[in-house]
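If you count the sequence shown from 1, you need to add 2 to reach the numbering used here.
Just so you know, even glycine gets a beta-carbon here, dropped at the ideal spot from N, CA and C.
One structure is given below, encoded as structure tokens.
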Amino acid sequence: MTLGRFAAEIPSNRLPSEVRSRATLMILDALASAAGGVETALAVSAREAAASLFAGKAASAWYAGKSLSRVGAAYSNAAATSALDIDDGHRGAAGHAGGAVVPAALAMAEDQDFTGEEILDAVAIGYDVALRIAASRKAERIDHYNSGTWAAYGAAASAGRLLRLDAARMAQALAIAGAEAPVSLPTGASMRMGSTVKEGLAWAAVTGLAAAERARAGSTGPDDLLDRGDVYDAEAMVADLGRRWEIMQTYLKPYACCRYIHSAIDAIAEMRRPGAEVRALTVEIFPAGLNLQNQPTPHSLEAAQYSYPFCCALAALQGPDAFRPMRPSALFDQRVLELAGRIDLRVATDFADAFPARTPARVTLDQGAGPGTLTVHHPRGDVANPMSREEIEDKFRVLAEGILPAAAIANVIAAVDGLARDGAMPLYAALSRRTSLNPPELAIAN
């Protein structure tokens, strides 16, 4: 009930200006991620399914010029946002909130009489609820790190805030979302980590919207779901509630692959000499990194995103730009595949307790002049090593190059910047247009 009361009742004037600014940045980052992912096979198939199952005219499939129901828009936009694995995350939660919260909030608010500040408040509150719940899980009870299971709470909180649910109904919305959120397979249960289901964020967005609407209509859920002391640390879940905002602790991603791998890519990028032969490459990681499938020859972009050997080989041979975004053609680069098969991936004993607070890597790279070693504890985009606003705008332009015209990118950036001042209409106008150029390479089946 505490989180429900907070989400429903915290006054708008209690949200610090820096929290709203951060929410603005998270929306921009989500829209950048979606622009890069909108023509992947994952996103295209999600839009087609949404058009069949969730037809309507209430909200927009971003950049595609299609109208869907609110649920359909949230579903397809969450799929696009999470497609490249370049959406934001949170170390304590060990996963992604924005991929569900932002699509759900924007779908709920479209073509309705909400101010830009109300939308920003809903996004910030959704992040806080989702991330607090995820970060308070007891480690011994976590059998997977798929974000959709807990991101649904944030989507429900955002939608419920916009629906102006009272505290009692907001609590029921969270209970319904928690009970009906995607139940992902335990880590390691399937060798198909590279499927387009990914972390269930698309369905988490749907679950959150449905939970809020059902609570408004009088439905109830198991409202003691978060009271299980063997699963959650109740004190941690609400510590400094309304004073410490978890959205301020989110990280942003410069590379289109699992966050676990970013420290290794940063280290390789620092040491590599373009064109030099890679004689040997050793990557030392934290134990949880071995839970990824780590296929040296991934069968899809999604599988590649969860492979240390493939991503490290790609970084060594093509540099960090190969992840902005990763292209299907990389899957067939024989030099990359050969090097991926030779990479020595091992756990470093001094990284045993690093995760989830840190995702470090130690890379030893021999390019013909003897081995060199570099350790990275905080990859680019972490709170301790942040990306600037200018870097996020550049991320948008680079990811969307060849997918959206430059003018369309500029319109979205300007509309997000003006959300609090000018309201949401300019943003929805920019997102609802058919701006995608439908590049064939990104649209091929994986």
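Open item on the list: Measuring alpha carbon to alpha carbon, tell me which residue in Ser69, Pro289 and Asp242 is nearest Ile263.
Closed with: The residue you call residue 263 lines up with position 261 of the sequence shown. Ranking Ser69, Pro289 and Asp242 by Cα distance to Ile263 puts Pro289 first.
TODO: Let me know the secondary structure DSSP gives Leu33 once reduced to three states.
DONE: The residue labelled residue 33 in the question sits at position 31 within the sequence shown. Correct three-state label for Leu33: helix.
TODO: Give the range of the alpha helix (DSSP H) segment to which Val338 is assigned.
DONE: Locating residue 338 in the sequence shown gives position 336, counting from the first residue. Taken as a continuous stretch (DSSP letters only), the alpha helix (DSSP H) holding Val338 covers Gln336 to Arg344.
Task: Nearest-angstrom Cα separation, counted from Cys313 out to Leu283 - done: Numbered from 1 along the sequence shown, position 281 holds the residue referred to as residue 283. Numbered from 1 along the sequence shown, position 311 holds the residue referred to as residue 313. Looking at the two C-alpha atoms, the distance is approximately 12 Å.
- [ ] Could you check the C-alpha separation between Ser35 and Ser390 for me, to the nearest Å?
- [x] As a first step, residue 35 must be located in the sequence shown, where it is residue number 33. As a first step, residue 390 must be located in the sequence shown, where it is residue number 388. C-alpha separation (whole angstroms): 16 Å.
Task: Beta-ladder partner(s) of Ala63, from DSSP - done: The count along the sequence shown starts at 1 and reaches residue 63 at position 61. In DSSP, Ala63 forms a bridge with Lys68.
TODO: Starting from Pro105, follow the alpha helix (DSSP H) in both directions and report where the run begins and ends.
DONE: As a first step, residue 105 is located in the sequence shown; it is residue number 103 there, counting from the start. Pro105 -> alpha helix (DSSP H) spans Gly100 to Ala111.
TODO: Indicate the three-state DSSP secondary structure (helix, strand or coil) for Ala191 in the structure shown.
DONE: Here residue 191 corresponds to residue number 189 of the sequence shown, with the count starting at 1. For Ala191, the predicted structure reports a pLDDT of 47, less than 50, and the residue's modelled location is therefore unreliable. The matter cannot be settled from this model.
Open item on the list: Our contact map puts Ile178 next to Ala153 with C-beta atoms below 8 Å; I'd like the distance itself, whole angstroms only.
Closed with: Numbered from 1 along the sequence shown, position 176 holds the residue referred to as residue 178. Numbered from 1 along the sequence shown, position 151 holds the residue referred to as residue 153. That pair is no contact at about 15 Å.
Task: Proximity of Glu112 and Ala61 at Cβ, strictly below 7 Å - done: For the purposes of this step, residue 112 is taken as residue 110 along the sequence shown, with counting starting at 1. For the purposes of this step, residue 61 is taken as residue 59 along the sequence shown, with counting starting at 1. Yes, the Cβ-Cβ distance between Glu112 and Ala61 is below 7 Å.
- [ ] Can you give me the Cβ contacts of Arg216 inside the same chain, cut-off strictly under 6 Å, excluding the 5 residues immediately before and after it?
- [x] Locating residue 216 in the sequence shown gives position 214, counting from the first residue. The answer, listed in chain order, is Ile178.
TODO: State the start and end residues of the unbroken alpha helix (DSSP H) segment that holds Leu319.
DONE: For the purposes of this step, residue 319 is taken as the residue at position 317 of the sequence shown. Unbroken alpha helix (DSSP H) run through Leu319: Tyr310 to Gln320.
Open item on the list: I need the DSSP call for Thr209, collapsed to helix, strand or coil.
Closed with: Position 207 of the sequence shown, counting from 1, holds the residue named residue 209. Three-state DSSP puts Thr209 in a helix.
- [ ] Report the option in Ala9, Pro373 and Ala52 whose CA atom is closest to the CA atom of Asn79.
- [x] Within the sequence shown, the letter at position 77 stands for residue 79. Ranking the options by Cα distance to Asn79, first place goes to Ala52.
Open item on the list: For Val240, report the span of its alpha helix (DSSP H) as first-last.
Closed with: Within the sequence shown, residue 240 is the residue found at index 238, counting from 1. Where Val240 is concerned, the enclosing alpha helix (DSSP H) stretches over Ala236 to Val240.
TODO: Provide the residue span of the beta strand (DSSP E) that contains Ala282, from first to last.
DONE: The sequence position of residue 282 within the sequence shown is 280, counting from 1. It spans Ala282 to Ile287 - the beta strand (DSSP E) in which Ala282 sits, taken as one unbroken run.
Open item on the list: Let me confirm a value: Ser19 is counted as buried when at least 16 other C-beta atoms fall within 10 Å, else exposed. Which label applies?
Closed with: As a first step, residue 19 must be located in the sequence shown, where it is residue number 17. Exposed, by the Cβ-count rule.
Open item on the list: Looking at the secondary structure, which residues open and close the alpha helix (DSSP H) in which Gly374 lies?
Closed with: Stepping through the sequence shown from its first residue, residue 374 is reached at position 372. Not the alpha helix (DSSP H): Gly374 falls in the beta strand (DSSP E), residues Pro373 to Val378.
Task: Backbone secondary structure at Ala359 - three-state DSSP - done: Against the sequence shown, residue 359 aligns to sequence position 357. In the structure shown, Ala359 sits in coil (DSSP, three-state: anything other than H, G, I, E or B).
Task: Of the residues Pro381, Asp384, Arg364 and Gln369, the one placed nearest Thr375, counting alpha carbons only - done: Here residue 375 refers to the residue found at position 373 of the sequence shown. For Thr375, the nearest C-alpha among the options comes from Arg364.
- [ ] Helix, strand or coil for Thr366, going by three-state DSSP, please let me know.
- [x] As a working mapping, residue 366 is identified with position 364 in the sequence shown. Three-state result, Thr366: strand.
Open item on the list: Please report the straight-line C-alpha distance between Gln336 and Ala315, rounded to a whole angstrom.
Closed with: Position 334 of the sequence shown holds residue 336. Position 313 of the sequence shown holds residue 315. Each residue's alpha carbon lies about 11 Å from the other.
Task: Where Val418 falls: helix, strand or coil (DSSP) - done: For the purposes of this step, residue 418 is taken as residue 416 along the sequence shown, with counting starting at 1. Val418: helix per DSSP, three-state reduction.
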